[in-house]
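Engineer: Numbering (this note's numbering), first residue to last: 2 to 255.
Could you have a look at this structure, given as structure tokens, before my questions?
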Amino acid sequence: MTWHLLRDTARPGWQNMAVDAALLDLAAEGGDAFLRLYRWEPHCLSFGRHEPALRRYDVERIRALGLDVVRRPTGGRAVWHAGELTYAVAAPLVPFGGQKPAYAAIHAVIAEAIRSLGGDSALAEPGRALSPGAGPCFSAPVGGEVLIGGKKVTGSAQLIQGDTLLQHGSILLEDDQSLVRGLAGQGGDEPAEASLSQALGRMVGIEELSLAIAAAARRAFGPMTPISADSNRIATHLPRHQARFRDLAWTWQR
């Protein structure tokens, strides 16, 4: 399996999701694997694919605040993409040995990257998954997710399409998810998440974290060929995905 690395620029939510969906297409068609690291501009609220956003979050407040909103192709729950770095992995499942081993292998890379920066990271004990209506993504750790001091620093979600995986993850750098908790009517709750900068006791930059993840991924998966999200290979798959993720009917379907 050939790996490709995209250390991408910041993009709007709908563009980010379209690029990741295109990578899933390429992984399914050619058997290659892709690791993409990126940010969101403007900052964006993303919902999980099956999340009941209309009844879970304060829609009027979202509109009043003028928040950029998108619905991911992956599952999971809402994430506020501001002071964080997002990763996406699109890859065939067979080389990993299945869905759960892939989830574990990807999280092991993230945990190793955090340890290389000085963080005492660990993976949450295996446990049940949370339902789409259970609240914001960072409201509780799920089995296999990356923790520091018992608190989540990452939130991840998957989409399985045939024998191919798309996994998203958000790694908090300096921001908490208080906005999402407030939109869900949980403003007074004790945060279940911790930012990486808070956990390490120093500011951790986007570039520093991105390089650490890329290095950990190379150690785990082998060489990675750089590729641009603007390459023709990816661009040919973008139009239909861009239309879907810009469509308000998709975003607010439930």
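The beta-carbon is built from N, C-alpha and C at its ideal position, and this holds for glycine as well.
Predicted model, so just to flag it, every value in this text is computed and none were measured.
1) In chain order, what residues of the same chain lie with their CB nearer than 7 Å to the CB of Val95, ignoring the 5 residues before and after it?
2) Suppose you measure from the CA of Thr237 to the CA of Ser229; what does that come to, to the nearest Å?
3) Please classify Asp69: does DSSP put it in a helix, a strand, or coil?
4) Would you list the one or two residues that DSSP bridges to Glu85?
5) Kindly indicate the opening and closing residues of the beta strand (DSSP E) around Tyr58.
6) Between which two residues does the beta strand (DSSP E) harbouring Gln159 extend?
7) From Asp59 to Gln178, what does the alpha carbon distance come to, in whole angstroms?
8) Give the secondary structure of Ala135 by DSSP, where H, G and I count as helix, E and B as strand, and everything else as coil.
9) Can you tell me which residues form a DSSP beta bridge with Ile149?
10) Report the three-state DSSP secondary structure of Leu94 (helix, strand or coil).
11) Would Ala92 and Ala221 qualify as a contact pair, given that the criterion is a beta-carbon distance under 9 Å?
12) From the DSSP output, in three-state form, read off Gln168 for me.
13) For Thr252, which of helix, strand or coil comes out of DSSP?
14) Does the distance from the C-beta atom of His108 to that of Gly76 stay below 9 Å?
15) Roughly how many whole angstroms lie between the Cα atoms of Glu209 and Phe246?
16) Need the endpoints of the beta strand (DSSP E) that Met225 sits in, please.
17) Let's test the definition: count the other Cβ atoms within 10 Å of the Cβ of Cys138 and tell me whether it reaches 16, buried, or not, exposed.
18) For the alpha helix (DSSP H) containing Ala34, name the first residue and the last one.
19) Would you mind stating whether Arg62 and Ala79 have Cβ atoms separated by less than 9 Å?
20) Under DSSP, the beta strand (DSSP E) around Ser232 begins and ends at which residues?
21) What is the DSSP secondary structure of His108, counted as helix, strand or coil?
22) Please classify Lys153 as buried or exposed, where buried requires at least 16 other C-beta atoms within 10 Å of its C-beta.
23) Please classify Ala244: is it buried, with 16 or more other beta-carbons within 10 angstroms of its beta-carbon, or exposed?
24) State the beta-bridge partners of Trp15 as determined by DSSP.
Structural biologist: Answer, in terms of the structure:
1) Counted from its first residue, the sequence shown places residue 95 at position 94. These residues qualify, in order along the chain: Asp164.
2) The count along the sequence shown starts at 1 and reaches residue 237 at position 236. The count along the sequence shown starts at 1 and reaches residue 229 at position 228. Rounded to the nearest angstrom, the two C-alpha atoms are 13 Å apart.
3) As a position in the sequence shown, residue 69 is number 68, starting the count at 1. In the structure shown, Asp69 sits in a strand (DSSP, three-state: E or B).
4) By 1-based counting over the sequence shown, the position of residue 85 is 84. In DSSP, Glu85 forms a bridge with Leu173.
5) Along the sequence shown, read from residue 1 onward, the residue named residue 58 stands at position 57. Where Tyr58 is concerned, there is no enclosing beta strand (DSSP E), given that its DSSP letter is neither H nor E.
6) As a first step, residue 159 is located in the sequence shown; it is residue number 158 there, counting from the start. Here the beta strand (DSSP E) through Gln159 covers 155-162.
7) One-based indexing of the sequence shown puts residue 59 at position 58. One-based indexing of the sequence shown puts residue 178 at position 177. Using only the alpha carbons, I get a separation of about 15 Å.
8) Working through the sequence shown from its first residue, we reach residue 135 at position 134. In this prediction, Ala135 scores a pLDDT of 42, lower than 50, which makes its location untrustworthy; the coordinate-derived value is nonetheless stated afterwards. Coil.
9) Taking the first residue of the sequence shown as 1, we reach residue 149 at position 148. Partner(s): Ser122, Lys152.
10) For this step, residue 94 is matched to residue 93 along the sequence shown. Leu94 falls in the coil class under three-state DSSP.
11) Residue mapping note: residue 92 aligns to position 91 of the sequence shown, counting from 1. Residue mapping note: residue 221 aligns to position 220 of the sequence shown, counting from 1. Not in contact: Ala92 and Ala221 (Cβ atoms no closer than 9 Å).
12) Along the sequence shown, read from residue 1 onward, the residue named residue 168 stands at position 167. Of the three classes helix, strand and coil, the one that applies to Gln168 here is strand, per DSSP.
13) Here residue 252 is taken as the residue at index 251 of the sequence shown, counted from 1. Thr252: helix per DSSP, three-state reduction.
14) In the sequence shown, counting from the first residue as 1, residue 108 sits at position 107. In the sequence shown, counting from the first residue as 1, residue 76 sits at position 75. Going by C-beta atoms, His108 is not nearer than 9 Å to Gly76.
15) As a first step, residue 209 must be located in the sequence shown, where it is residue number 208. As a first step, residue 246 must be located in the sequence shown, where it is residue number 245. Roughly 30 Å separates the two Cα atoms.
16) For this step, residue 225 is matched to residue 224 along the sequence shown. Run containing Met225: 225-227, per the beta strand (DSSP E) assignment.
17) Taking the first residue of the sequence shown as position 1, residue 138 is located at position 137. Annotation note: pLDDT 45 at Cys138 (below 50); position unreliable, no value reported.
18) In the sequence shown, the residue the question calls residue 34 occupies position 33. Where Ala34 is concerned, there is no enclosing alpha helix (DSSP H), although the beta strand (DSSP E) it sits in stretches over 34-39.
19) Translated into the one-based positions of the sequence shown, residue 62 becomes position 61. Translated into the one-based positions of the sequence shown, residue 79 becomes position 78. No, they are not a contact pair.
20) The residue given as residue 232 occupies position 231 in the sequence shown. No beta strand (DSSP E) holds Ser232; DSSP gives it neither H nor E.
21) One-based indexing of the sequence shown puts residue 108 at position 107. DSSP places His108 in helix when its eight states are reduced to three.
22) Position 152 of the sequence shown holds residue 153. Buried is the call here.
23) One-based indexing of the sequence shown puts residue 244 at position 243. With fewer than 16 Cβ atoms within 10 Å of its Cβ, Ala244 is classed as exposed.
24) Here residue 15 is taken as the residue at index 14 of the sequence shown, counted from 1. BP columns for Trp15 are empty, so no partner.
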